[in-house]
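Undergrad: Read top to bottom, the protein sequences are chains A and B. Start counting the first sequence at 1; every next residue gets the next number (this note's numbering). Start counting the second sequence at 1; every next residue gets the next number (this note's numbering). Below is one structure. I have some questions about it.
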Amino acid sequence: MRWLRNAMVGLTALAFVAIVVLAVQLRSELQKLQEEPVDSLHWNVTQLELDVVRLEAAATLALAVPGADLADLRKRFDLFYSRAETVVKGTMFLRLGLSNTVAPLKARMRTFLDETAALIDGEDRALRAALPQIVADVGALRTDLRATAIQVIDINAGLQDARRASLSDVIQKIAGASVALITLLLGLLGLVVALNLQADRRAYEVQRITSRLAATVGTSLDAVVVAGMDGCVIDFNAAAETIFGYTRAEAIGQPLGTLIIPPRHRAAHDAGMERMKATGVRHVVDAGRIKITAIRKSGEEFPVELSIASNDGPEGMIFIAYLRDISDARKAEAALVAARDEAQAAERTKTSFIAVMSHEMRTPLNGVIGALDVLGRTPLEPKQERFLTLARSSAKQLLRHVNDVLDISRVDAGPVGLLADRFDMPALLTTLVDTLRPAAAQKNNHVEVRILGEFPPLQGDPFRIGQIVQNFLSNAIKFTDGGQITVEAEVQRTTGLEVEVEVRVIDTGIGIAEADQSRIFEDFVMVDPTFGRSVGGTGLGLAISRRLARAMSGEVGVESAAGEGSCFWLRLPLQSAADPAQVAVPDTAQGKPLAAQALDVLVVEDNETNRIVLEEMLHHLGHRVTLAVDGGDGVEKARARRYDVILMDLSMPLMDGWTAATVIRQGGASQHSRILAVTAHVRPDRMDRFEESGMDGWLTKPLSIRSLTEALNAVPHGTPAEHRAGGTQDGSDALLDADRLNDLRRIADKDGLQRLLQKFHANMENILATIDADAETASAEELAAVLHTGVGASAVVGASRLSRELARLEAACRAGDTKALQAARKGLGSTWLETWAALRAAFWDTPT
Amino acid sequence: MMQTIRTFRATWLGACLAGALLVSGPALAETLPAPQAEVILTVSGAIGTTNADGVLALDADLMASLPQHSFTTATIWTEGTATYSGVLLRDLLAAAGATGATVKLTALNDYQISMPAADALADGPLLAFLADGQPMSTRDKGPVWLIYPFDDVAAFRTEQTYARSIWQLNRIEITD
Chain A
1 MRWLRNAMVG LTALAFVAIV VLAVQLRSEL QKLQEEPVDS LHWNVTQLEL DVVRLEAAAT
61 LALAVPGADL ADLRKRFDLF YSRAETVVKG TMFLRLGLSN TVAPLKARMR TFLDETAALI
121 DGEDRALRAA LPQIVADVGA LRTDLRATAI QVIDINAGLQ DARRASLSDV IQKIAGASVA
181 LITLLLGLLG LVVALNLQAD RRAYEVQRIT SRLAATVGTS LDAVVVAGMD GCVIDFNAAA
241 ETIFGYTRAE AIGQPLGTLI IPPRHRAAHD AGMERMKATG VRHVVDAGRI KITAIRKSGE
301 EFPVELSIAS NDGPEGMIFI AYLRDISDAR KAEAALVAAR DEAQAAERTK TSFIAVMSHE
361 MRTPLNGVIG ALDVLGRTPL EPKQERFLTL ARSSAKQLLR HVNDVLDISR VDAGPVGLLA
421 DRFDMPALLT TLVDTLRPAA AQKNNHVEVR ILGEFPPLQG DPFRIGQIVQ NFLSNAIKFT
481 DGGQITVEAE VQRTTGLEVE VEVRVIDTGI GIAEADQSRI FEDFVMVDPT FGRSVGGTGL
541 GLAISRRLAR AMSGEVGVES AAGEGSCFWL RLPLQSAADP AQVAVPDTAQ GKPLAAQALD
601 VLVVEDNETN RIVLEEMLHH LGHRVTLAVD GGDGVEKARA RRYDVILMDL SMPLMDGWTA
661 ATVIRQGGAS QHSRILAVTA HVRPDRMDRF EESGMDGWLT KPLSIRSLTE ALNAVPHGTP
721 AEHRAGGTQD GSDALLDADR LNDLRRIADK DGLQRLLQKF HANMENILAT IDADAETASA
781 EELAAVLHTG VGASAVVGAS RLSRELARLE AACRAGDTKA LQAARKGLGS TWLETWAALR
841 AAFWDTPT
Chain B
1 MMQTIRTFRA TWLGACLAGA LLVSGPALAE TLPAPQAEVI LTVSGAIGTT NADGVLALDA
61 DLMASLPQHS FTTATIWTEG TATYSGVLLR DLLAAAGATG ATVKLTALND YQISMPAADA
121 LADGPLLAFL ADGQPMSTRD KGPVWLIYPF DDVAAFRTEQ TYARSIWQLN RIEITD
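Here it is in structure tokens:
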């Protein structure tokens, strides 16, 4: 378009110049033409010829009439002369380019005129005498003149033709140039029209875009504020008016800082603007979305989401800020967070509730199981025996479920306490399979253990691993009838001490549809609830397995085809144990009676009630018991002969348990025996003395048969959670500890219990009497010691509330507050009476 | 073309001037005496001033008594330039008290032209009776030559003007 325009302009200029040049040329041609005496040439030539003819006639007449007047001849000569002079001297022929043609004639006429003029001007006589000659000369001249005239006119005609042609040529050129010029001008006009249209279109487009932009900005829900380099507002849209409270007119021209930025941020804003002006470095501009605080006209501050873009405006850089009032979003967010926290709290409460409930269920359940065990030892009729078996298996299943739920909540509650024990994987698997072999045999399943390759001794938590494998195995047995179950184990990779182990439990059972495979590891999932109910289970086994595996940085999974069987696998990273000698094979099956080996046990306990209960429990478990009444007695007996296990009370007068243990370790027959601390303190292993004293583990009072059983069964460290099975430390305010009472009923007959209670009664009466007698005089420490004996004794017989109250008073005394003791004395007395009545009711009224 | 327009315009201008002069003409012409020498130009027709037999007969002296005018020019009929002196046709018409619109001029050899009185302008034509101060003979296109200042005014270098440049003029007749 541009080159076309330029070309057209150039051509137009060229045509114009051509026309000017041609016009000048034409003008000069016309001038010449105008000045040329073309027409008078003919006239003159004709006139010359006429004059010569007249002269000839006059001369002939004069010759014919002798004596005639010569005046006419003279006049004719003068006229001819004059005419001839015109031809001879005039520039007419020269100008017409005919001078050469007429040159001979001119010469001839000159001669004639000069010769004849002398005669004409002379005497009449001489003139008359010359007349014949003059007539002859004029005649000859006439002939010449005629010939020349014809020639001149002929040549002139040609010249005029050429001139006309030339003129015509110039005119044609001008016409051509004019046509070209007009065409070009028309073209230019067209171009101008086109450009005009284009400009109109562009103007329209610009207007359209501008109005659209204005509409866009105007209808934006976000505030749009445009500011210049000086920080003053250039534009302020409707949303900005609504959000900030200023009208557009108020806002425009105002500094942005004072308008929408809270006073405390203004200095930073100004500094930022200055810095950007000085260095061009932008922190906020073109930096995407940021959240800041803005201020309304009313002075209310509110949070905004802000995005600033920069652009080159007509008067330098401009900044376009898009602001969104996010007060509501903030509120919604806060509400959401609150709702989430609430939900989480509710979830925690629920979890905690489930845990507490399960726990609370387990305690009476243990009582049921204990009672059934005791019942089983009495002679029963076959029918009763059958019901008893049914009740036992139901109770055990229920216990398993409760334990499952407890496991889940425990793992969810926080980091799982994992052991790092040495163990032998093949042995662990063999033991597990052996315990489940009877169950498998019931369903005609054959179970086999296949250890693929060599297994190094490993370090890890055999209890948890066992729990997972046992779960796989139980499932395999449940879902397989008359099939083959294979437990495979192999080391998949060894990297230094790192060993990756895979254990697979493969069955030929019903299998799992592919669609179900991914969800069976989720909580409470049973693929076929109907079937699940028929075989029992909470649907938590695999969920627990997965949690435990992950806690150990491992993974569980399944490969299965419906109808063909399943393969559950456990993949774990473990450490290989350096020393293979001390590998333990722990017991895993919960609630399962342990293969109890009779042990020699030394009980060091100063409290008589505790001693009696412990003795009864140990006898019940089939162990041989020796009693020592204090630390010194214990050391003496321990040195005298070797005991398998020494149960050491920690708080004893004269020599406490810590010291006694240290001394035993120094020498004597029981130097290397296992010494377990028995304490009311929680986690004595946290104490510094625990390491120094050489204790192997601890048990928490009050002792349950179960915790005692596990402790004595070569479990090197305590399993603290289980030790809390007494339930009295959960903060409940029960008068009596039912679990404990069950244990007591389990371990002793009616006579033994009565003896125990009588001892306890005497003990308590003695304590209360001592308090009454010595409250004023005795030292706080002495009173605390007295109270301490009461704490242990009442806990042992299950008088939980009494035990707690005594413990509180003991703590007060140790803190030197004997007044609290006196103040609590009355309450203590009533609690004791209440407790004693309840104990009597519990034991004497029991038809044991 | 432009030349024509200019000529046309000049023509109209001349006509107005001539009209103005014609009004005051007769008073001047009435004082002309009869010719004493050979008459070189006779003016007849619609004239207000006569000095002999109903015509205005002018000899060289009478011609010289009228306002004189001169210019030097070359012509296509002569060799070189000459200074021509005489009376402007306009002045003569004024002196004669001419009232007609057409001027008919006739030469010794009966060559005759007609022109509008309005074409008698201030710068030409000139009724020259002297060339380089000398009276003109018949052989030198005398006694009177109606001549234009061809060199000074390009507008006069036209065919029509050439045709009007009548020489050997001796009679003028004014008609309506």
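For glycine and all other residues, C-beta sits at the position ideal for the given N, C-alpha and C.
In chain order, what residues of the region 106-119 of chain B put their CB closer than 7 Å to some CB of chain A?
TA: 108 and 109
Undergrad: Going by DSSP, name the residue or residues bridged to residue 573 of chain A.
TA: A:500
Undergrad: Secondary structure at residue 148 of chain B, three-state DSSP: helix, strand or coil?
TA: coil
Undergrad: Taking only runs of the beta strand (DSSP E) that begin and end inside the region 475-519 of chain A, which ones reach a length of at least 3 residues, in chain order?
TA: 484-495 and 498-507
Undergrad: Is the separation between the beta-carbon of residue 511 of chain A and that of residue 566 of chain A shorter than 9 Å?
TA: yes
Undergrad: Using a 10 Å radius around the Cβ and a threshold of 16 neighbouring Cβ atoms, would you call residue 291 of chain A buried or exposed?
TA: exposed
Undergrad: Under three-state DSSP, which class holds residue 204 of chain A?
TA: helix
Undergrad: Can you list, in chain order, the residues of the region 63-94 of chain B whose Cβ is nearer than 8 Å to any Cβ on chain A?
TA: 74, 75, 76, 77, 78 and 79
Undergrad: Name the two residues that bound the continuous beta strand (DSSP E) containing residue 104 of chain B.
TA: 102-107
Undergrad: Can you have a look at residue 389 of chain A and say buried or exposed, based on whether 16 or more other CB atoms are within 10 angstroms of its CB?
TA: exposed
Undergrad: Please look up how many angstroms separate the CB atoms of residue 125 of chain B and residue 164 of chain B, rounded, as I've assumed it's under 8 Å.
TA: Between residue 164 of chain B and residue 125 of chain B the Cβ distance is about 7 Å, and since that is below 8 Å, they are a contact.
Undergrad: Just checking residue 817 of chain A against the ligand PLP - is the residue's beta carbon closer than 8 Å to any of the ligand's heavy atoms?
TA: This structure simply doesn't include the ligand PLP, nor any ligand for that matter.
Undergrad: Whose C-alpha, out of A:555, A:156 and A:200, is nearest the C-alpha of residue 100 of chain A?
TA: A:156
Undergrad: The beta strand (DSSP E) that contains residue 698 of chain A, what's its start and end?
TA: In the DSSP assignment, residue 698 of chain A falls within the unbroken beta strand (DSSP E) covering 697-700.
Undergrad: Which of the three DSSP states, helix, strand or coil, is assigned to residue 90 of chain A?
TA: coil
Undergrad: Ignore the nearest five residues each way along the sequence and tell me which others in residue 462 of chain A's own chain have a CB closer than 7 Å to its CB.
TA: 421, 423, 428 and 586
Undergrad: Starting from the beta carbon of residue 95 of chain A, find every residue of chain B whose beta carbon is closer than 8 Å, and list them in chain order.
TA: 76
Undergrad: Does any C-beta atom of chain B lie closer than 9 Å to the C-beta of residue 19 of chain A?
TA: no
Undergrad: For residue 147 of chain B versus residue 104 of chain B, is the C-beta distance shorter than 9 Å?
TA: At least 9 Å separates the beta-carbon of residue 147 of chain B from that of residue 104 of chain B.
Undergrad: Measuring CB to CB, does residue 251 of chain A end up less than 9 Å from residue 259 of chain A?
TA: yes
Undergrad: Against residue 173 of chain A, what residues of chain B qualify as contacts under a CB-to-CB distance less than 8 Å, listed in chain order?
TA: What residue 173 of chain A touches in chain B: nothing, since even the nearest Cβ is about 17 Å away.
Undergrad: Taking only three categories from DSSP, how would you classify residue 6 of chain A?
TA: helix
Undergrad: Of the choices A:327, A:286 and A:502, whose alpha-carbon is the least far from that of residue 302 of chain A?
TA: Of the candidates A:327, A:286 and A:502, the one whose C-alpha sits nearest the C-alpha of residue 302 of chain A is A:327.
Undergrad: Could you work out which residues of chain E lie near residue 86 of chain A, taking near to mean beta carbons separated by less than 7 Å?
TA: Of the chains in the structure shown, none is chain E; the protein chains are A and B.
Undergrad: Of all the CB atoms in chain A, is at least one closer than 9 Å to the CB of residue 168 of chain B?
TA: yes
Undergrad: Considering only DSSP beta bridges, list what residue 116 of chain B is partnered with.
TA: B:102
Undergrad: Please report the straight-line C-alpha distance between residue 103 of chain A and residue 93 of chain A, rounded to a whole angstrom.
TA: Their Cα atoms are separated by approximately 10 Å.
Undergrad: State the Cα-Cα distance for the pair residue 97 of chain B and residue 115 of chain A, rounded to the nearest angstrom.
TA: Between the alpha carbons of residue 97 of chain B and residue 115 of chain A lies a distance of about 46 Å.
Undergrad: Inspect the CB distances between the region 181-188 of chain A and the region 257-275 of chain A and report whether three or more fall short of 8 Å.
TA: no
Undergrad: Can you give me the start and stop residues for the alpha helix (DSSP H) that residue 291 of chain A sits inside?
TA: Not the alpha helix (DSSP H): residue 291 of chain A falls in the beta strand (DSSP E), residues 290-295.
Undergrad: Just mark residue 36 of chain B as buried or exposed, buried being the case when its beta carbon has 16 or more other beta carbons within 10 Å.
TA: exposed
Undergrad: Out of A:110, A:621 and A:505, point me to the one whose CA is closest to residue 137 of chain A's CA.
TA: A:110
Undergrad: Contact criterion: CB-CB distance below 9 Å. Does residue 102 of chain B meet it with respect to chain A?
TA: With 9 Å as the cut-off, residue 102 of chain B does not count as an interface residue toward chain A.
Undergrad: If we call anything under 9 Å between Cβ atoms a contact, is residue 645 of chain A one with residue 601 of chain A?
TA: Yes, the Cβ-Cβ distance between residue 645 of chain A and residue 601 of chain A is below 9 Å.
Undergrad: Where does residue 36 of chain B fall in DSSP's three states?
TA: In the displayed model, residue 36 of chain B falls within coil according to three-state DSSP, outside both helix and strand.
Undergrad: So residue 451 of chain A and residue 426 of chain A are in contact, right, with Cβ under 8 Å, and what is the actual spacing, rounded?
TA: 5 Å
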